[in-house]
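Chains as they are written, first to last, in our numbering: chain A, 1 to 214; chain B, 215 to 313; chain C, 314 to 410.
Using N, Cα and C, we set each Cβ at its ideal position, and we do this for glycine too.
Structure first, commentary second.
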Amino acid sequence: MAHAHHDHHDHDHPHPTRPDQDDRLTYYQTMEIAVRELLVEKGILTADQIRRQVEDMDNRTPLRGAKVVARAWTDPAYKARLLAEGNPALEEIGLDRGPYRLVVVENTPAVHNVIVCTLCSCYPRWLLGLPPDWYKSRNYRSRVVREPRSVLREFGLDLRDDVTVRVHDSTADMRYLVLPARPAGTEGWSEEQLAALVTRDTMIGVAVPRPANP
Amino acid sequence: MSTAAISPRYCPGERVKVRAAYPPGHVRTPFYIRGHSGVVERLCGNYPNPEELAYARPGLPAQPLYRVRFLQRDVWPDYAGQPADSVDVEIYQHWLEPA
Amino acid sequence: MGGLPASPVAPSEHDYALWEKRVDALLVLLTSGGRMTVDELRRNIEALGADAYDRMSYYERWIHSIAQTLIQRGTITIDEFGRKMADSEARAQRGEL
């Protein structure tokens with residue numbers, strides 16, 4: 001069931017690295033070694049920089065995005081600032097403003113937003129970590145822009161006819177984050193409790209946060 | 215060649231049409247949207263032209279970039295969703311003309 | 314790619330291998346260091362042709378494209394690549410990698 005699968009992957013710790021098979025290198029693994037070693041030999045990069053960048057990316061999980069959403073849910077004035085200008089609002093809560101302009105789009109009872117990059121795989125990595133394979137797949141990229149409701153249904157999200165679906169195609173220099181609707185029954189919850197309801201898939205727009213347990 | 219910034223030509227709310235041109239090279243205007251008309255949702259700012267950056271050239275002067283909202287039923291002849299469903303696409307000014 | 318005929322979206326993901334994370338790191342460092350642009354990456358991936366999606370995985374397309382870009386910019390020569398790649402394969406076979 002699509003939802004159960006995504007729940008499993010919406011945890012907050014990084015995925016373990018799958019070890020390379022050292023006994024046999026593929027052509028492209030060999031190419032990676034060559035690019036890396038030549039760049040280090042030429043003094044363009046250092047091995048340390050590369051290692052630190054790998055670690056940095058490992059530590060980027062959807063928790064950062066969830067923190068933004070939880071703050072927006074609890075602070076209407078912050079939410080307004082976030083929707084007007086994403087990057088300064090990130091800095092406000094101690095996050096990197098990021099290398100791209102961030103546009104945050106709000107889900108309401110009338111509008112459901114979903115994000116795609118049909119041309120490649122643009123994604124707000126500095127807030128969510130690396131994108132999942134399906135986001136980068138030909139199938140998602142060709143279909144979600146053309147038949148978003150069918151694709152969302154495949155993810156287990158069935159939207160009513162009175163909800164407008166808005167697809168955002170990151171074709172150029174913007175990056176997008178969906179601000180999901182706050183589930184009912186969460187009045188008085190702390191930001192930490194709220195952030196735990198915000199999964200990666202809800203910020204891409206292929207899922208909505210599960211309702212709070214009564 | 216002048217590298218002075220290009221002034222934005224379109225305002226939010228204005229109707230614009232995406233040129234139906236098919237050059238070779240690296241283009242960030244998706245095929246599915248070429249020839250279609252929509253409404254400017256916002257001006258995103260000025261950015262160097264990716265068509266030039268793709269060839270290690272500076273891409274200056276920076277081009278105004280817009281988010282343009284298209285109605286899905288205008289873009290896809292067999293669109294099966296709701297009439298207000300839309301797709302928002304970032305498009306550079308040099309790909310737009312008044313609708 | 315938008316609007317082309319396609320199949321159901323399989324909600325697949327995989328844990329990234331170290332070499333893939335390194336490819337990603339190389340791209341981030343090279344672009345932030347002004348040694349290449351993402352636009353060159355994208356253009357070189359597009360130049361691989363449509364069947365590249367069947368032949369090559371995501372990060373295979375990336376590393377090929379990064380290598381092409383560095384060759385185009387004169388940062389690394391084809392000869393340097395040829396020698397280093399052969400050397401790396403030999404080291405791997407000797408268990409040194």
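Quiz prompt | Nearest neighbour of A/Arg160, chosen from A/Asn59, A/Ala110, A/Val40, A/Arg146 [CA to CA] | solution = Comparing C-alpha distances from A/Arg160 to each of A/Asn59, A/Ala110, A/Val40, A/Arg146 shows the shortest one belongs to A/Ala110.
Practice problem: Specify the secondary structure class of C/Leu317 as computed by DSSP and reduced to three states. | Solution: Here DSSP, grouped into helix, strand and coil, assigns C/Leu317 to coil.
Quiz item: In chain order, what residues of the same chain have a beta carbon less than 8 Å from the beta carbon of A/Gly65, not counting five sequence neighbours either side?
Solution: So the list reads Pro124, Leu127, Leu128, Leu177, Val198, Arg200, Met203, once near-sequence residues are dropped.
Quiz item: How is A/Gly86 classed by DSSP in three states: helix, strand or coil?
Solution: Shown here, A/Gly86 sits in a helix according to DSSP, grouped into three states.
Self-check item: Supposed close pair B/Val230, B/Val282 - CB separation, criterion 8 Å
Solution: Contact holds; Cβ gap of about 6 Å.
Quiz item: Any C-beta of chain B sitting closer than 9 Å to the C-beta of C/Thr390?
Solution: Any Cβ of chain B closer than 9 Å to the Cβ of C/Thr390 would place that residue at the interface, and such an atom is absent.
Quiz item: For chain A, is any of its Cβ atoms less than 9 Å away from the one on B/Ala270?
Solution: So, not an interface residue.
Quiz item: When the Cα of A/Gly156 is compared with those of A/Glu187, A/Ala207, A/Ser121, which residue comes out closest?
Solution: Comparing Cα positions, the closest option is A/Ala207.
Exercise. Look up B/Pro278 in the DSSP assignment and give the residues it is bridged to.
Key: Residue pairing of B/Pro278 in beta bridges, as defined by DSSP: B/Asn260.
Exercise. Kindly provide the ranges of any alpha helix (DSSP H) runs that are 4 or more residues long and lie completely inside the region 112-145 of chain A, ordered along the chain.
Key: Runs of the alpha helix (DSSP H) inside the region 112-145 of chain A: 125-128, 133-136, 138-143.
Quiz prompt | Member of A/Ala47, A/Val69, A/Met57 whose CA lies at the smallest distance from the CA of C/Asp328 | solution = When only C-alpha atoms are compared, the closest one is A/Met57.
Quiz item: the region 328-357 of chain C: which residues have C-beta closer than 7 Å to a C-beta of chain B, in chain order?
Solution: Within the region 328-357 of chain C, the residues whose Cβ lies closer than 7 Å to some Cβ of chain B are Thr350, Asp352, Glu353, Arg355, Arg356, listed in chain order.
Practice problem: Tell me, please, whether the CB atom of A/Met174 is closer than 9 Å to any CB atom in chain B? | Solution: By this cut-off, A/Met174 is an interface position.
Quiz prompt | 9 Å Cβ cutoff met for B/Tyr224 and B/Tyr280 | solution = A contact, by the Cβ cut-off of 9 Å.
Quiz item: In the structure shown, what three-state DSSP assignment does A/Asp56 receive?
Solution: Reduced to three states, the DSSP call for A/Asp56 is helix.
Practice problem: Starting from C/Arg386, find everything on chain B with Cβ-Cβ shorter than 7 Å and list it in chain order. | Solution: Under the 7 Å cutoff, chain B gives Ala270.
Quiz item: Can you find a CB in chain C that lies within less than 9 Å of the CB of B/Pro226?
Solution: B/Pro226 is outside the set of residues whose beta carbon lies under 9 Å from a beta carbon in chain C.
Exercise. Please state if the CB of B/Ser300 and the CB of A/Arg166 are separated by a distance shorter than 9 Å.
Key: Yes; because the gap between Cβ atoms is below 9 Å, this pair is in contact.
Self-check item: C/Val322 in three-state terms, based on DSSP
Solution: If DSSP states are grouped into helix, strand and coil, C/Val322 belongs with coil.
Practice problem: Starting from the Cα of C/Ser370, find the closest Cα among A/Pro211, A/Tyr27, A/Gln53 and give me that residue. | Solution: The residue with the shortest Cα to Cα distance from C/Ser370 is A/Tyr27.
Quiz item: Whole-angstrom Cβ separation of B/Pro226 and B/Leu257, contact assumed at under 8 Å?
Solution: The Cβ separation is near 7 Å, so the contact holds.
Practice problem: Determine the extent of the alpha helix (DSSP H) in which C/Leu331 is found, giving its start and end residues. | Solution: Looking at the DSSP string, the run of the alpha helix (DSSP H) that includes C/Leu331 is 331-345.
Practice problem: Return helix, strand or coil for A/Ile93, following the three-state DSSP convention. | Solution: In this structure, A/Ile93 counts as coil in the three-state DSSP scheme.
Exercise. Using DSSP bridges, identify the partner residues of B/Phe284.
Key: For B/Phe284, which the question treats as bridged, DSSP gives the partners B/Val301.
Quiz item: Are A/Val54 and C/Ala338 close, meaning C-beta to C-beta below 9 Å?
Solution: A contact, by the Cβ cut-off of 9 Å.
Quiz prompt | Contacts of C/Ala403 in chain A (Cβ-Cβ under 7 Å) | solution = Near C/Ala403 there are no residues of chain A at all, since even the closest Cβ is about 10 Å away, more than 7 Å.
Quiz item: Between which two residues does the alpha helix (DSSP H) harbouring A/Arg64 extend?
Solution: Its alpha helix (DSSP H) spans residues 63-74.
Exercise. Identify every residue that forms a DSSP beta bridge with A/Asp169.
Key: DSSP lists A/Val116, B/Val303 as the beta-bridge partner residues of A/Asp169.
Quiz prompt | Beta-carbon contacts of A/Ser121 that lie in its chain and below 7 Å, excluding the five residues immediately before and after | solution = The beta carbon of A/Ser121 sits closer than 7 Å to those of Pro131, Tyr135, Lys136, all from its chain and outside the five residues before and after it, given in chain order.
Quiz item: Using the rule of at least 16 other Cβ atoms within 10 Å of the residue's Cβ for burial, across every protein chain shown, is A/Thr118 buried or exposed?
Solution: With 16 or more neighbouring CB atoms inside 10 Å of its own CB, A/Thr118 falls in the buried class.
Quiz item: How should B/Ser221 be labelled, buried or exposed, when 16 other C-beta atoms within 10 angstroms of its C-beta is the threshold for buried?
Solution: Counting the other Cβ atoms within 10 Å of the Cβ of B/Ser221 gives fewer than 16, which makes it exposed.
Quiz item: Which of helix, strand or coil does DSSP assign to A/Thr164?
Solution: Note: A/Thr164 maps to strand in three-state DSSP.
Quiz item: Which residue comes first and which comes last in the beta strand (DSSP E) that contains A/Ala101?
Solution: Reading the sequence as shown, one finds Arg at residue 101 of chain A and not Ala. That run of the beta strand (DSSP E) goes 101-106.
Quiz item: Looking at the structure shown, is A/Tyr78 part of a helix, part of a strand, or coil, going by DSSP?
Solution: Here A/Tyr78 sits in helix by DSSP.
Quiz prompt | Neighbourhood of A/Arg71 by C-beta, 7 Å cutoff - its chain only, sequence neighbours within 5 removed | solution = Tyr78, Ile93, Glu191.
Practice problem: Would you check if the distance between the CB atom of B/Tyr293 and the CB atom of A/Arg60 is smaller than 9 Å? | Solution: No, Cβ-Cβ distance for B/Tyr293 and A/Arg60 is not below 9 Å.
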